[in-house]
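**Q**
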Amino acid sequence: MVQKQAEVCRNFELDWLACTQGEDETGQIDADYIVLRAKGDIEQLRKLVPAPLEATDEVIIYMGWFKETQKEGKTTWAWPFHEWGIGVVSQLPGRPETKGNFLVQLYVDDDLVLVHGREVWGYPKKIGDMEITPKTTDGDSDHYEYTVARRGTKLISARVENLEPIEDSEFPFYGRTHAICFRQVPSPDSVAVEKQQLVFVQLDFDTTDAKKGTGTIEINDGPFDQLPIGPLTNVEAFFGRSAFNHRGINNLVVNAEELARPLDVSKAGKTS
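Following the numbering used here, the residues of the sequence shown are numbered contiguously, the last one being 988.
Here it is in structure tokens:
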């Protein structure tokens, strides 16, 4: 499949071909995850999710460290990177197996994963600066802290602690899940959007070393970034290590209606 993707996505061909994956995957990647699961104000969360998708009151926030990965002697992922995402657990009404994490905002620190993610699947990715302390590759710890910044503004700081082992099946990213992306394709010759789609990206996780503890997070809007997620309660914290497959050909893509996300345009581009 990677060869076929390279043939049609010519701007990315050498990056695609640098990894040799199985026929059905775009990448088998080993990753360490710090996950916060919380409850939000359902009325606020509904404003962040486009129809026909329906929001629940569950919010999933994660920081991932994606590692250079080899499987059976083949490099299946060549570019280590960080990714931080925040989403609202949502579902299409009346349809089975369509529940997933609708991604409101997403930051990465590698341009390849930004372009592939945003242009192919519609992930709302931006380039950011991220740091995890202690490094997850330095061995096991019962606590971690991380920060996310962009264009000089510190947007997120979080801490998880008191981590204790749990059953792997209790980890939020376990087995088959879906990331739900809002993919918009603007028109090149008019002020319009040619396509608005909900893309249900299948993710298959093989999770180990799962832990659960307590956590806190502070989110600040910046001059270029707004995260109007609202107040969070009942915060649960998790850590886990996963090998996962990101499916490149999606079984479900549906047309979406206009997003009604609230924005304070008076802050756009301001530095103070």
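Beta carbons are placed, not taken as given, at the ideal position from N, Cα and C, and that holds for glycine.
Predicted model only: the values in this text are computed from it and were never measured.
Distance, Cα to Cα, E741 vs L819?
**A** With a pLDDT of 49 at E741, under the threshold of 50, the predicted position of this residue should be treated as unreliable, though the coordinate-derived value follows. Each residue's Cα considered, the two are about 21 Å apart.
**Q** Can you tell me which of N950, F921, F728, P809 puts its alpha carbon nearest to the alpha carbon of D746?
**A** When each option's Cα is compared against that of D746, the closest is F921.
**Q** Does DSSP put I758 in a helix, in a strand, or in coil?
**A** Here I758 sits in helix by DSSP.
**Q** D731 and L830: beta carbons closer than 9 Å?
**A** Against a cut-off of 9 Å, the Cβ pair of L830 and D731 comes out as no contact.
**Q** Taking the beta strand (DSSP E) that V829 belongs to, which residues open and close that run?
**A** Premise fails: V829 lies in the alpha helix (DSSP H), 827-831, not in any beta strand (DSSP E).
**Q** Could you tell me whether the Cβ atoms of D825 and G810 are closer together than 9 Å?
**A** For D825 and G810, no; Cβs fall outside 9 Å.
**Q** Helix, strand or coil: how does DSSP classify S958 here?
**A** Residue state, collapsed to three classes: strand.
**Q** Who pairs with E880 in a beta bridge, going by DSSP?
**A** For E880, which the question treats as bridged, DSSP gives the partners K928.
**Q** Need the endpoints of the beta strand (DSSP E) that K842 sits in, please.
**A** Unbroken beta strand (DSSP E) run through K842: 841-843.
**Q** Run through the DSSP bridge pairs and tell me what I935 is partnered with.
**A** Bridge partners of I935: I872.
**Q** Per DSSP, what are the beta-bridge partners of L752 in this structure?
**A** Its beta-bridge partners are I777, A953.
**Q** Measure the alpha-carbon distance for Y749 versus E952 and round it to whole angstroms.
**A** The alpha-carbon atoms of Y749 and E952 are separated by roughly 14 Å.
**Q** What would DSSP say about T863, mapped onto helix, strand or coil?
**A** Three-state result, T863: strand.
**Q** Which residues does DSSP pair with P902 in a beta bridge?
**A** Answer is V909, bridged to P902.
**Q** Return helix, strand or coil for R977, following the three-state DSSP convention.
**A** Coil.
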